[in-house]
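J.: Just so you know, UniProt numbering puts 172 at position 172 of the sequence shown, and the rest follows in order with no gaps. Following this message is one structure expressed as structure tokens.
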Amino acid sequence: MSPATGDQPPEPASAGEPSSSEPARQPTLARQSGWVGMPRAKLEVTPHWRLSRMCIRLAVFGVLLLVAAIVSARAEPVLVAAPCLLAVVLAVRQPRPATVRVEASVSELRSFEDDGVEVSVSVAADTELGEIGLDLALPATFVIDGDQARRAFAVRALSHTWTVRAERWGRWRVGPLHLRLRTRGWGHVGTAELTLSELTVFPPPSAAREVAVPPALLARVGSHVARRTGHGIEFAGIRSFAPGDAVRRVNWPVSTRRGELYVNEYAAERAADVVAVVDTTVDVGPFGRSSLDLGVRGAATVVQAYLRYADRVGVVTLGGALRWLAPDVGARQYYRIVETLLSSRLDDRFLEPELAYLPPQALPPGALAFVFTPLIDPRAVEAVRNLRERGHPVVVVDVLTSEPEPGRERDAQLAVRIWRLDREVLLHGLEEMGVTVLPWDEEYGIPLERVRLEPLLGGAR
Numbered sequence: 001m002s003p004a005t006g007d008q009p010p011e012p013a014s015a016g017e018p019s020s021s022e023p024a025r026q027p028t029l030a031r032q033s034g035w036v037g038m039p040r041a042k043l044e045v046t047p048h049w050r051l052s053r054m055c056i057r058l059a060v061f062g063v064l065l066l067v068a069a070i071v072s073a074r075a076e077p078v079l080v081a082a083p084c085l086l087a088v089v090l091a092v093r094q095p096r097p098a099t100v101r102v103e104a105s106v107s108e109l110r111s112f113e114d115d116g117v118e119v120s121v122s123v124a125a126d127t128e129l130g131e132i133g134l135d136l137a138l139p140a141t142f143v144i145d146g147d148q149a150r151r152a153f154a155v156r157a158l159s160h161t162w163t164v165r166a167e168r169w170g171r172w173r174v175g176p177l178h179l180r181l182r183t184r185g186w187g188h189v190g191t192a193e194l195t196l197s198e199l200t201v202f203p204p205p206s207a208a209r210e211v212a213v214p215p216a217l218l219a220r221v222g223s224h225v226a227r228r229t230g231h232g233i234e235f236a237g238i239r240s241f242a243p244g245d246a247v248r249r250v251n252w253p254v255s256t257r258r259g260e261l262y263v264n265e266y267a268a269e270r271a272a273d274v275v276a277v278v279d280t281t282v283d284v285g286p287f288g289r290s291s292l293d294l295g296v297r298g299a300a301t302v303v304q305a306y307l308r309y310a311d312r313v314g315v316v317t318l319g320g321a322l323r324w325l326a327p328d329v330g331a332r333q334y335y336r337i338v339e340t341l342l343s344s345r346l347d348d349r350f351l352e353p354e355l356a357y358l359p360p361q362a363l364p365p366g367a368l369a370f371v372f373t374p375l376i377d378p379r380a381v382e383a384v385r386n387l388r389e390r391g392h393p394v395v396v397v398d399v400l401t402s403e404p405e406p407g408r409e410r411d412a413q414l415a416v417r418i419w420r421l422d423r424e425v426l427l428h429g430l431e432e433m434g435v436t437v438l439p440w441d442e443e444y445g446i447p448l449e450r451v452r453l454e455p456l457l458g459g460a461r
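Here it is, written out as structure tokens:
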């Protein structure tokens with residue numbers, strides 16, 4: 001049974017399937033717009049038809065020539081106006097389809113940053129059209145391979161596939177897709193707009209070769225070598241044989257030399273509880289490298305690294321609604337945690353991060369807490385102290401990678417120096433409490449192999 005959670009999303013479906021957190025949206029008919037809310041959908045789109053600018057200009061030009069012919073009482077303007085007006089009459093009499101069939105598909109509804117996602121669109125009409133045009137508009141964080149627009153002339157149908165890549169994590173709406181139709185003779189222009197499916201983009205976790213072993217391990221089989229002896233593969237010593245010891249553990253060379261039986265002892269292998277805490281109270285820094293971006297990427301790295309060791313991993317977000325996901329194991333837990341982190345960007349309000357309101361399932365006793373914060377908001381700093389006072393080993397990852405510009409004025413430079421001194425005092429105070437503070441590494445992200453937790457919490461494990 002999965003532990004209880006608060007404000008948590010349901011388990012995500014596999015790639016290419018709609019999430020169960022929202023009811024399935026069926027394609028709807030619209031006069032000027034449509035909705036494609038599934039990975040693959042077919043719908044009838046009603047374009048909005050109007051006279052083309054070329055047709056209007058020809059008609060105005062022909063009428064002006066006729067007026068000029070009447071005023072001047074000459075036949076030459078009529079000879080020029082007649083072909084123009086005839087072309088307008090023939091163009092506006094061309095058939096206009098009331099609806100067109102649109103089939104749209106998105107190859108993946110969930111992807112990682114910089115992964116290619118194919119968006120395919122097919123448009124078909126009952127009659128031949130003078131032009132069919134497709135123009136895919138994307139958010140600023142997307143890049144598209146090839147041309148953004150596709151046109152074809154004198155056709156009944158048009159199909160095209162775009163390969164798009166998201167450069168930043170989050171939930172993004174693919175589209176809108178602008179559909180432009182022209183009748184034969186270009187007398188009428190039809191337009192329609194379709195919004196495609198929502199694409200969930202996960203942050204790519206950084207590679208972590210090693211992880212820090214938490215001081216307190218669970219009484220459950222895992223991959224971390226404990227200080228206590230038990231069932232494992234790492235040699236811990238020898239002792240005298242006792243009734244009940246397995247014969248396969250007998251150390252025969254030592255037993256032969258000493259004349260009595262000795263057995264090998266092995267270090268126990270236990271699992272741990274790990275909670276990633278992300279500070280969403282502020283978001284500072286350049287676009288794509290802000291404190292929230294780095295915090296989410298770092299949390300994804302920690303979560304994936306410890307899940308590989310069969311540890312129970314959870315998440316807590318501070319800021320907006322206090323979101324949490326109880327520690328659990330398995331590959332699906334990674335996607336559930338990332339879904340919770342993605343929801344933190346949608347919050348436009350701030351609530352006091354009262355960790356006391358969290359149930360024990362969210363922060364189990366002795367759980368290792370990785371806190372990703374720029375240490376700017378005093379309420380987030382107080383939350384770090386609260387974690388330490390509750391007996392948790394805490395690792396703070398400082399995701400503030402930029403400083404205020406000192407400027408040229410002396411007062412501004414003095415203010416920056418005071419800010420640096422205050423920050424050094426803050427970091428020193430946290431370290432005095434037993435909190436490990438790590439700066440964000442621009443090249444490697446979180447150096448988990450450099451985390452030393454032994455001084456934080458005593459006791460056997």
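Yeah, the Cβ is synthetic: ideal placement off N, Cα and C, and Gly gets one too. Bear in mind the structure is a predicted one, so any value in this text is a computation, not a measurement.
Could you tell me if E339 is buried or exposed, where buried requires 16 or more neighbouring beta carbons within 10 angstroms of its beta carbon?
T.: On the sequence shown, residue 339 is found 339 positions in, with the first residue counted as 1. It counts as buried.
J.: May I ask you to list the residues that DSSP assigns as paired with S240?
T.: Along the sequence shown, read from residue 1 onward, the residue named residue 240 stands at position 240. Beta-bridge pairing links S240 to Y262.
J.: With a 10 Å radius around its C-beta and 16 neighbouring C-beta atoms as the bar for buried, classify S344 as buried or exposed.
T.: On the sequence shown, residue 344 is found 344 positions in, with the first residue counted as 1. Counting Cβ neighbours within 10 Å, S344 comes out buried, since at least 16 surround it.
J.: So does the stretch 93–100 actually touch the stretch 56–76, counting three or more Cβ pairs closer than 8 Å?
T.: With the cut-off at 8 Å, the stretch 93–100 and the stretch 56–76 do not touch.
J.: Got a sec, what are the start and stop residues for the alpha helix (DSSP H) H231 sits in?
T.: Here residue 231 refers to the residue found at position 231 when the sequence shown is read from its first residue. Looking at the DSSP string, H231 is not in any alpha helix (DSSP H), and its letter there is neither H nor E.
J.: Look at the alpha carbon of residue 462 and the alpha carbon of A331, and state the distance between them as a whole number of angstroms.
T.: Residue 462 lies beyond the range of the chain shown here (1 to 461); nothing can be said about it.
J.: For H188, does the count of other Cβ atoms within 10 angstroms reach 16, so buried, or fall short, so exposed?
T.: Mapped onto the sequence shown, residue 188 falls at position 188. Result: buried.
J.: Taking the alpha-carbon positions, what's the E113 to V254 distance?
T.: To locate residue 113, count along the sequence shown from 1; it is residue 113. To locate residue 254, count along the sequence shown from 1; it is residue 254. Straight-line Cα distance between these residues: approximately 57 Å.
J.: For the stretch 422–446, list the beta strand (DSSP E) runs that are entirely contained and at least 3 residues long, ordered along the chain.
T.: Listed in chain order, they are 436–439.
J.: Compare the Cα-Cα distances from A212 to each of A81, L307, L43, A41 and report the closest residue.
T.: As a first step, residue 212 is located in the sequence shown; it is residue number 212 there, counting from the start. Among A81, L307, L43, A41, the Cα nearest to that of A212 belongs to L307.
J.: I need the boundaries of the beta strand (DSSP E) containing E118, first residue and last residue.
T.: Walking along the sequence shown from the start, residue 118 turns up at place 118. Here the beta strand (DSSP E) through E118 covers 116–136.
J.: Relative to the C-alpha of S107, which candidate in V119, D115, T99, V100 has its C-alpha closest?
T.: Reading the sequence shown from its first residue, position 107 is the one you call residue 107. The residue with the shortest Cα to Cα distance from S107 is V119.
J.: If the criterion is Cβ atoms closer than 9 Å, does the pair S291 and D279 meet it?
T.: Translated into the one-based positions of the sequence shown, residue 291 becomes position 291. Translated into the one-based positions of the sequence shown, residue 279 becomes position 279. Their beta carbons are under 9 Å apart, which means S291 touches D279 by this criterion.
J.: What did DSSP end up calling R180 once you bin it into helix, strand or coil?
T.: Walking along the sequence shown from the start, residue 180 turns up at place 180. If DSSP states are grouped into helix, strand and coil, R180 belongs with the strands.
J.: Just list the residues that DSSP pairs S111 with in beta bridges.
T.: What you label residue 111 is simply residue 111 of the sequence shown in a count that begins at 1. Note: S111 sits in a beta bridge opposite V201.
J.: For G459, which three-state DSSP category applies?
T.: Here residue 459 is taken as the residue at index 459 of the sequence shown, counted from 1. With a pLDDT of only 37 at G459, under 50, the local geometry of the prediction cannot be trusted, and no value is derived from it.
J.: What beta strand (DSSP E) runs, 3 residues minimum, are completely inside the stretch 62–109?
T.: Runs of the beta strand (DSSP E) inside the stretch 62–109: 100–106.
J.: May I ask you to report which of helix, strand or coil DSSP gives E44?
T.: The residue you call residue 44 lines up with position 44 of the sequence shown. Correct three-state label for E44: strand.
J.: Would you kindly work out how many angstroms separate the C-alpha atoms of T436 and V174, rounded to a whole number?
T.: As a first step, residue 436 is located in the sequence shown; it is residue number 436 there, counting from the start. As a first step, residue 174 is located in the sequence shown; it is residue number 174 there, counting from the start. Between T436 and V174, the C-alpha separation is close to 41 Å.
J.: Suppose the cutoff is 8 Å on Cβ atoms and the five residues either side in sequence are ignored; what does the same chain contact list for D145 look like?
T.: Counted from its first residue, the sequence shown places residue 145 at position 145. These residues qualify, in order along the chain: G116, W162, T163, V164, R165.
J.: Could you round the C-beta distance between F372 and A299 to whole angstroms and report it? I think they count as a contact, below 8 Å.
T.: Start at 1 with the first residue of the sequence shown, and residue 372 comes out as number 372. Start at 1 with the first residue of the sequence shown, and residue 299 comes out as number 299. With 8 Å as the limit, F372 and A299 qualify as a contact, their Cβ atoms being about 6 Å apart.
J.: Just curious, the alpha helix (DSSP H) that I337 is in, first and last residue?
T.: Along the sequence shown, one-based indexing puts residue 337 at 337. 331–344 is the extent of the alpha helix (DSSP H) around I337.
J.: I believe V381 touches L426 by the beta-carbon criterion, under 8 Å. Please report the beta-carbon distance rounded to the nearest angstrom.
T.: Locating residue 381 in the sequence shown gives position 381, counting from the first residue. Locating residue 426 in the sequence shown gives position 426, counting from the first residue. That pair is a contact at about 7 Å.
J.: Indicate whether M101 and L181 have their beta-carbon atoms separated by less than 9 Å.
T.: As a first step, residue 101 must be located in the sequence shown, where it is residue number 101. As a first step, residue 181 must be located in the sequence shown, where it is residue number 181. Before going on, a small fix: residue 101 reads as Arg here, not Met. No. Outside cutoff.
J.: Going by CA-CA distance only, name the one from G170, P203, A104 that's closest to H160.
T.: The residue labelled residue 160 in the question sits at position 160 within the sequence shown. Considering only alpha carbons, the answer is A104.
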